[in-house]
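Asks: A single structure is presented below for examination.
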Amino acid sequence: MIEALIGFTFAAALLVLLAPDEWAGRLAFAFSLLPFAGSLYLWSGFESAGNALTGGDIGYMTQIEWLEVGGRTVSWFVGVDGISLPLVVLTTFLVPLAIVSAWTPIDSRQSQFYGLMLFMEANLLGVFTALDFFLWFVFWEAVLVPMYFLIGVWGGPRRKYAAIKFFVYTNAASLLMFIGFMSLTFALGGSVSSFALPEITGAIADGGLGTWFGISPDRIAMVAFLAMFAGFAVKVPIVPVHTWLPDAHVEAPTPVSVLLAGVLLKMGTYALLRFNFTMLPDQASALAVPIAAIAVISVIYGAMLALAQKDLKRIVAYSSVSSMGYVILGLVVFTEYGVGGATFQMVAHGLISGLMFMAVGVIYNATHTRMVGDMSGMADRMPVAVGILVAGAFGYMGLPLMAGFAGEFFIFVGSFAAPSLPYAPIFTALAMFGIVIVAGYLLSAMQSTLFGPFELETDYDVGPAPFHDVAPLAVLLVAIIVLGVAPDIFFEMIRDAAVPVVEGVTING
Amino acid sequence: MSDWIAIGALAAVGVLIPIGMMSVSALLRPSVPETGKSTTYESGETPTGGTRIRFNIQYYMVALLFVVFDIETVLLFPWAVIYRPAISAGVPMIDLLWPMLVFVGILAIGLVWAWRSGAISWARSPRATSRKTERDLN
Amino acid sequence: MTAVASSIPPEWYLLLAAAVFCIGLFGVLTRNDALYFLMSVELMMNAANINFVAFALYYGDLTGQVFALFVIALAAAEVAIGIGIILVLYRNFGVTDVTVPTEMRW
Amino acid sequence: MVNTLPQVAALLPVFLLAFTGLALLLVDTISPDTRSNTSMAVVGAVGSLAASAASVWLVVSGTGSPDTGGAITLFAEAIKVDTMALFFSAIFASVTALVVVAAHDYFHDHASPAAFYSLTLFAATGMALLAAANSLAVVFVALEMVSLPSYVLVAYLKRNRGSVEAGLKYFLVGALSSAIFLFGISLVYAATGSLLFGGVAEGIGSLDGLAGIAGLGIVMIVGGVAYKTASVPFHFWAPEAYEGAPAPVSAFLSSASKAAGFVVAFRLFTEAFPVGASLAAGIDWVLAFGVLAAVTMTLGNFAAAVQEEVKRMLAYSSIGHAGYVLIGVAALSAGGSANGSVMGAAMAHLLVYGFMNTGAFLFVAMAERWGVGRTFEDYAGLAKRAPVASTAMAVFMFSLAGLPPFAGFFSKYFLFMGAIDNGFLWLAAFGAVNSVVSLYYYSRVVKALFIDDPASSSSLDAIDVRPTGLYAAVVFAAVATVLLLPGFGPVIETAEAAASALF
Amino acid sequence: MGTAPAQLFPEYLVDTFGIDSVLGDVVASLIGAALVANIILAFSGVAGPWAKRKITAAFTDRIAVDRIGPFGLLIIPAAAVQLLAKELIVPEGVDRPTWDIAPILLPASAMLGFSVIPMGQIGPLNIHLADPEVGLALVFAFASIASVSLVMAGYASNNKYSFLGGLRAVAQNLAYEIPLIVTAMSVVIFAGTLQISGVVGAQTETLATVAGFDIPAWFAFVNPFAFVLFLTANMAEIGRNPFDIPEAPTEIVGGYQTEYSSAYFVLFYLGEFVHIFLGGAILSVVFLGGASGPGPESISFIWFVVKVWGFFLFTQWARAAIPRVRIDQLIEIGWKGMLVLSFANLVLTAVIVGVIA
């Protein structure tokens, strides 16, 4: 089933690549609906419980041996559990919307653009479903390639710089992570016979780590944890390795920003959850304080940076850094609500940041500027789009009954009384303070751009956005509200999968 | 005793005789240096141009072709020597013949190719052939 | 012949071959002219041939001798190709000095 | 089915390549004046594809593998066909097919393309023979059979000063190194009294007082191998030759010829000079190869990073890749558990490299055919006019860099892992760091093609032709590079089995 | 190996005088070499030039050399002294060491070829210096050095004609060397050895008896086709008419020897004669049963002289009777005709030997 999903997306990407530019966008949208339908089908039939890595049920599992080398098999091993399924749904849901939102801004080499979007979608699906390290890593890296082109070819004026910075940062990070993981597998030696993540997780839990090149198992585990954490931190991103993100966002075209913020950042947190926190819970809890500190710094620092920006896209980008900080905090506290909330927040943030970027993009399409000081009174000219933007901003601030509230609420509930994290209340309180800043900067930006008299000198009329620009915004808004009203549609399964992770940790002190 | 001593002896004698004649001549002959004598002989005319003339490329072609076939003879000689003894020893003729035939056949293809692509035609184009002059024939 | 040859210790052949090889190597390293280079390389190959023939005799094993024949053949082929290349070199650059052509950075 | 054929049928790929070369001469003989470029290319491509297919078929049917009775020895043990030989034959024949197809367009207005095709095929024959050599004599003869046509191929554009200069330099270094190689063989013969690998190995095991001679000989042989594989210290011909040579020839040399050098190394240093016996005799070539590998990959990569011309960059990167593959020899240890893995991974890398590197050079050939310049700047914006070829080039570049979605990643990965398993962590670390460096300069090409704007609006007008053969070859190489990722299982397993059979 | 060869001349000396040491070997070899050299010089330095003039005169219906001595025989020493005493003119720009070595190399190499030729017996003396296993290959190798000396002379003389002559000499030698050797190889197939005594020994049996007269199994009779090929190639190899392209006086003055005078010229002249006689000797060894012939063994030297002089007469007849071929004809005949024919001959011979053996 999952193979069909990924395979179809690849095939669609190829077809769109070869299609004529004129109807590549429509074709891509049509094709992209099918994976969404497929993921809904997966969701509807999903009954598994537990975490895929810790011996729980794996939905729609397929395992076929691919190759065997040095006594270890690499296989096509895919499946979903409560953590990955929401992300799969998020991906397939966002991509069609992003494609529609690209119809206006993308006006050259369309077939290549949409082809790459679908290609990226296929690889993202792979990342979230792969349960074999190699397979996962291939998909993980394969996401970078279309992203590089999408930013580099269709981006803004500084697109080359942004694309290369993105590429270098994420690749260096991948290498670091790869080395970390590999040293783990070497230390495991003969106790594993494949690169399947469940098997490796099990082996580590059973104390399978051995001495390797004279290094003790504990130290290897710690080094691996740090290397992988550093690698994923770039992807998330966490302060201080976040600097590629604003550049990439600002330069990327709107639909690409949507996917970048909506899905690509979740790869980092997803991988952190899967690898660092599920496989090496002991190391994670040993390092809980520094990690929580970094998380809180991300929250606060990201928000402060956002406050200082004039570019709407940059504001949203930095606020993403801030939001990701919550996710890390949720993960590191190792409670049912913390981890579950973090996962939920991934989905919620995916939707909300997607909405924000898309709305900013709609305004940009009309005004060709994103600078806060350049415009005001946009609400006059584009009432619908602006209305949705405002709604999205409130979602970002954590307005109740919207998805963002649910995610943050779960995280704070989980983290406030976390047993494994010393000084948990302080961290939580500091993180909560971030919300205030978010509210501050979003409100001030809204105030000056959207309201008041219309002031923008253009030689053309700035009118309401076309339907196909606004429609995705509306759809996203609906989804955000639905998720906010009924978080259980995802949280139920997420919690199923999160509990085994939490149980894996031995609480020290 | 070694055959090679005798061969070396004849080589020594063979070199000594010319050197002896040169020496004798050096003692007998007069020496009357004069610039006119020492100019290059070109049928009595004043020499023109340099002596390092550009000559027909075919000389190289022939030389390269020779290398190919000379090597062939080097490798064929051992075969020729053992052929009859091997036949007498009861080796089937076909076993002895086919390596040589393959070898010669490959070279034959090479020769035919060289032939057809004009490597061994002294004058290369029909036009050049039609106005063969002394210079072209070199 | 065999008596004479086998009365010479094998080290002498090795030394002779090494000497010839070094002469060739010296020529390669000190001469700029492509033709000298060719000759020097031939010397080096023939040094190897000395070893092959001498030790074929020493071990009473024909392979070395036969291989020497092959080497002679290959050396000739190499010279043929070398001359061809030197010829086009001369056509293009007007010299046979290997240090002159510097179309590309070294 | 194979078992019912005569044993000599195991050499089918060699015969097919040789016959094709001869057939090409015959084709040209039949119509020397019409110079039918197309018919020659078709014959050459069909022949080399047939050889490739034959190799694959023989591998699949288990010819020469330990499962079906072990390696097949022919001609008084001078030839030994095993899985490794056939594996490499497949590489050589595939690269030859690509090069021949591409050459059809590259030499579309050349006066006499005939010799090009047959020389390529003859060189490929030599390579296939080299892969099956079991005697130092066959090694040398086959090596020369590869080298001699290669010299001519490099200098094939005889009115192009760059080509001639490249040919000259390639020839000079080649002749010198083959003389050194030969002298090395003669010293080994002197010390061991045999030219057969098995005999040499026995001799190495029982050297008395001649270890110095044998050691010197092995050092010289290492030198010869280094030349053929474009490794330090005999690497400096490579940038010149690859840059000056016609691009299809560069592709051929840097992929097939290099692989030929490595198959010699693999065979020699497992069968003739086994690690254990050599170390026992005090000849530590493992360390020598380790140092060579590290220096080669570092030098190649860092030199490639500062190049301004794409072809030259590829040339240096090819040196870097030689360094990676050398790990396959350098990371051997006596009785090491991962000997087979690391050498098998090196073989697999050569196979993958055969496609991706050939493809990259053929893209350069296409650019030369279009007449766009040679520098990175000249390639700017080519993707706007030639998206398919540029996409293929991007695939090659990322694969060469070892980015995970492409086959190049797997082969490198298994190579480094094998080295680590055998206790050569430092080599793997060198390789990994170099891979990261390489990403920089490979991505420069992609950046130029896709992201940079053309220098002027008219600079893309040169792209006025769609050379079918070149396109076909480039696209095929790209598809192969991509498909080798899912299809990597059988490749690496075959390679590992083939390599393991040598220990 | 045929009949056991008679004792070689130096060995005979060693045995006779009982000087069994390396030094003795050397001395005996030198004596033998001196004898052989004398015979060669007698042929080529004295009798040859004289006979050439007489023969040419006879063919052209003229009278030649009859003034000095009986039948003008003393003209040879007179001419020698005269030439030796001439001034040596060294043209400007010659490449001196090369220019000097060339005239030494030509006669020396041709003379060296005689070292393995069995010249028959004078009384008890078997005039055969050496009989190595590779004799036949060796004699061709020695003979080929001549072309090196020609090209040296041509190149070193700094003269267009000389240069062309040298080049032509090489081209011609190259073109006919292969047919020559391949044809000889067909003989080797019969003989099964490269040793000269073996090749000669293989020709001693009786091929057929016609009218009570035993025809020996000379390869000229066994394989006349090969004989004709060999004869032609041999003529070209020694550069005699109609293949005297390298000198071709009407085209390029004197070819490679244009700039030579005095003793140097004499040496070239001598060398050419030695070369002709070597060609005859090779022919007689390979195709005409060496020094053998009817009658007792002890007169075999006579037979050798007859055969060699027969070949010499043949060359002189060709010189007078056949016009010189053009260089393009020469090269194309060599590569397209002789080469193909010689290979056809080789394959046929191999098949025939295989069938009858």
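Protein chains in written order, with the numbering used here: chain A, 1 to 509; chain B, 1 to 138; chain C, 1 to 106; chain D, 1 to 503; chain E, 1 to 357.
Glycine included, each C-beta is placed from N, C-alpha and C at the ideal position.
Note that this is a predicted model, so its numbers are computed, not measured.
Among all the DSSP beta bridges, which residues are the ones paired with V80(A)?
Replies: Residue numbering aside, residue 80(A) sits at position 80 when the first sequence is read from its first letter. Answer is G59(A).
Asks: Return the chain-ordered ranges of every alpha helix (DSSP H) run that is complete within the stretch 35-75 of chain E and spans a minimum of 4 residues.
Replies: 48-59
Asks: With which residues is K80(D) paired in a DSSP beta bridge?
Replies: Your numbering for residue 80(D) matches position 80 in the fourth sequence. Per DSSP, T73(D).
Asks: Taking a cut of 9 Å between CB atoms, which residues from the stretch 259-275 of chain D lie near chain C?
Replies: none
Asks: In three-state DSSP terms, what is P281(A)?
Replies: Walking along the first sequence from the start, residue 281(A) turns up at place 281. P281(A) falls in the helix class under three-state DSSP.
Asks: Once DSSP output is grouped into helix, strand and coil, what is the label at R72(A)?
Replies: Residue mapping note: residue 72(A) aligns to position 72 of the first sequence, counting from 1. Per DSSP, reduced to three states, the secondary structure at R72(A) is strand.
Asks: I think I196(E) touches V116(E), with their Cβ atoms under 8 Å apart; what is that distance to the nearest whole Å?
Replies: Mapped onto the fifth sequence, residue 196(E) falls at position 196. Mapped onto the fifth sequence, residue 116(E) falls at position 116. Yes, they are in contact, since the Cβ atoms of I196(E) and V116(E) sit about 5 Å apart, within 8 Å.
Asks: In chain order, what residues of the same chain have a beta carbon less than 6 Å from the beta carbon of A394(D), not counting five sequence neighbours either side?
Replies: Position 394 of the fourth sequence holds residue 394(D). Result list for A394(D): V446, in chain order.
Asks: Would D82(D) pass as a contact of A97(D) if the rule is Cβ separation under 8 Å?
Replies: Translated into positions along the fourth sequence, residue 82(D) becomes position 82. Translated into positions along the fourth sequence, residue 97(D) becomes position 97. Taking 8 Å as the Cβ cut-off, D82(D) and A97(D) do not qualify as a contacting pair.
Asks: Is there contact here, the stretch 370-384 of chain D with the stretch 291-305 of chain D, by at least three beta-carbon pairs under 8 Å?
Replies: no
Asks: Just to confirm, are V462(A) and A366(A) a CB contact at a threshold of 8 Å?
Replies: In the first sequence, the residue the question calls residue 462(A) occupies position 462. In the first sequence, the residue the question calls residue 366(A) occupies position 366. In contact: V462(A) and A366(A) (Cβ atoms closer than 8 Å).
Asks: Quick check: what's the CA-CA separation for F275(A) versus A498(D)?
Replies: Start at 1 with the first residue of the first sequence, and residue 275(A) comes out as number 275. Start at 1 with the first residue of the fourth sequence, and residue 498(D) comes out as number 498. Roughly 36 Å separates the two Cα atoms.
Asks: Less than 8 Å between the CB atoms is what I'm expecting for L209(A) and P217(A), so what's the real figure, rounded?
Replies: As a position in the first sequence, residue 209(A) is number 209, starting the count at 1. As a position in the first sequence, residue 217(A) is number 217, starting the count at 1. Going by Cβ atoms, the distance from L209(A) to P217(A) rounds to 4 Å, so yes, they are a contact pair.
Asks: Below 6 Å CB to CB, which residues in the same chain sit around I122(E) once its five sequence neighbours on both sides are set aside?
Replies: As a position in the fifth sequence, residue 122(E) is number 122, starting the count at 1. So the list reads F301, once near-sequence residues are dropped.
Asks: Who are the Cβ neighbours of D33(C) in its own chain at under 8 Å, not counting the five residues just before and after it?
Replies: Walking along the third sequence from the start, residue 33(C) turns up at place 33. T96, D97 and V98, listed in sequence order.
Asks: Just to confirm my understanding: we take L53(A), look at its own chain, exclude 5 residues before and 5 after, and list those with CB closer than 6 Å. What are they?
Replies: Your numbering for residue 53(A) matches position 53 in the first sequence. L197, P198, T201 and T278.
Asks: Verify whether the separation of the beta carbon atoms of V482(D) and F406(D) is less than 8 Å.
Replies: As a first step, residue 482(D) must be located in the fourth sequence, where it is residue number 482. As a first step, residue 406(D) must be located in the fourth sequence, where it is residue number 406. Cβ distance < 8 Å, so V482(D) and F406(D) count as in contact.
Asks: Is there contact here, the stretch 158-173 of chain A with the stretch 247-258 of chain A, by at least three beta-carbon pairs under 8 Å?
Replies: yes
Asks: When the Cα of F376(D) is compared with those of V310(D), F140(D) and A260(D), which residue comes out closest?
Replies: Position 376 of the fourth sequence, counted from the start, is the residue given in the question as residue 376(D). That would be V310(D), whose Cα lies nearest to the Cα of F376(D).
Asks: By the DSSP assignment, the beta strand (DSSP E) with L207(E) in it spans what residues?
Replies: The residue labelled residue 207(E) in the question sits at position 207 within the fifth sequence. Here the beta strand (DSSP E) through L207(E) covers T206 to V210.
Asks: Using a Cβ cut-off of 8 Å (strictly closer), state whether I38(C) contacts chain B.
Replies: The residue you call residue 38(C) lines up with position 38 of the third sequence. Here residue 38(C) turns out to be Leu, not Ile, going by the sequence shown. Not a single CB atom of chain B sits nearer than 8 Å to the CB of L38(C).
Asks: Residue range of the alpha helix (DSSP H) that P323(E) falls in?
Replies: If you number the fifth sequence from 1, residue 323(E) lands on position 323. From DSSP, P323(E) is part of no alpha helix (DSSP H); its letter is neither H nor E.
Asks: Once you ignore the five residues that flank G509(A) on each side, which residues in its own chain have a CB closer than 8 Å to its CB?
Replies: In the first sequence, counting from the first residue as 1, residue 509(A) sits at position 509. Any reading at G509(A) is ruled out, since the residue's pLDDT is 37, under 50, leaving its predicted position unreliable.
Asks: For K310(A), count neighbouring Cβ atoms within 10 angstroms of its own Cβ and tell me buried if that reaches 16, exposed if not.
Replies: Residue 310(A) sits at position 310 when you count from the first residue of the first sequence. Label assigned to K310(A): exposed.
Asks: Does DSSP put P422(A) in a helix, a strand or coil?
Replies: Indexing the first sequence from 1 puts residue 422(A) at position 422. Reduced to three states, the DSSP call for P422(A) is coil.
Asks: Give every residue of the same chain whose Cβ lies closer than 7 Å to the Cβ of V316(A), excluding the five residues on either side of it in the sequence, and list them in chain order.
Replies: Residue numbering aside, residue 316(A) sits at position 316 when the first sequence is read from its first letter. Hits under 7 Å: S353, M356, F357 and V360.
Asks: Is the number of C-beta pairs between the stretch 70-85 of chain E and the stretch 129-145 of chain E that are closer than 8 Å three or more?
Replies: The stretch 70-85 of chain E makes no contact with the stretch 129-145 of chain E, as fewer than three CB pairs between them are under 8 Å.
Asks: My understanding is that A318(E) touches F304(E), with C-beta atoms under 8 Å, so please give their C-beta distance in whole angstroms.
Replies: Taking the fifth sequence and counting its residues from 1, the one referred to as residue 318(E) is at position 318. Taking the fifth sequence and counting its residues from 1, the one referred to as residue 304(E) is at position 304. About 21 Å; that fails the 8 Å criterion.
Asks: From what residue to what residue does the alpha helix (DSSP H) around D3(B) run?
Replies: Taking the second sequence and counting its residues from 1, one reaches residue 3(B) at position 3. Segment D3 to L28, the alpha helix (DSSP H) holding D3(B).
Asks: Taking all protein chains shown into account, do 16 or more other C-beta atoms lie within 10 angstroms of the C-beta of N173(E), making it buried, or fewer, making it exposed?
Replies: Here residue 173(E) is taken as the residue at index 173 of the fifth sequence, counted from 1. N173(E) is buried by the Cβ-count criterion.
Asks: By Cβ distance below 6 Å, which residues in the same chain neighbour A119(B) in space, the five residues on each side in sequence not counted?
Replies: Taking the second sequence and counting its residues from 1, the one referred to as residue 119(B) is at position 119. If we look at A119(B) and ignore the five residues flanking it on each side, its Cβ neighbours are M61.
Asks: What does a CB cutoff of less than 7 Å around G207(A) pick up in its chain, not counting 5 residues either side in sequence?
Replies: The residue given as residue 207(A) occupies position 207 in the first sequence. Same-chain partners within the cutoff: there are none.
Asks: Using beta-carbon positions only, say whether G59(A) and D81(A) come within less than 8 Å of one another.
Replies: Locating residue 59(A) in the first sequence gives position 59, counting from the first residue. Locating residue 81(A) in the first sequence gives position 81, counting from the first residue. In this structure, D81(A) lies closer than 8 Å to G59(A) by Cβ.
Asks: Do I189(E) and A350(E) have their beta-carbon atoms positioned less than 8 Å apart in this structure?
Replies: Counting from one through the fifth sequence, the residue named residue 350(E) turns up at place 350. Counting from one through the fifth sequence, the residue named residue 189(E) turns up at place 189. A distance below 8 Å separates the beta carbons of A350(E) and I189(E).
Asks: Helix, strand or coil: how does DSSP classify N276(A) here?
Replies: Locating residue 276(A) in the first sequence gives position 276, where the first residue counts as 1. Looking at N276(A) - three-state DSSP - the assignment turns out to be helix.
Asks: Under the DSSP definition of a beta bridge, which residues are partnered with D132(A)?
Replies: Translated into positions along the first sequence, residue 132(A) becomes position 132. D132(A) pairs with A196(A).
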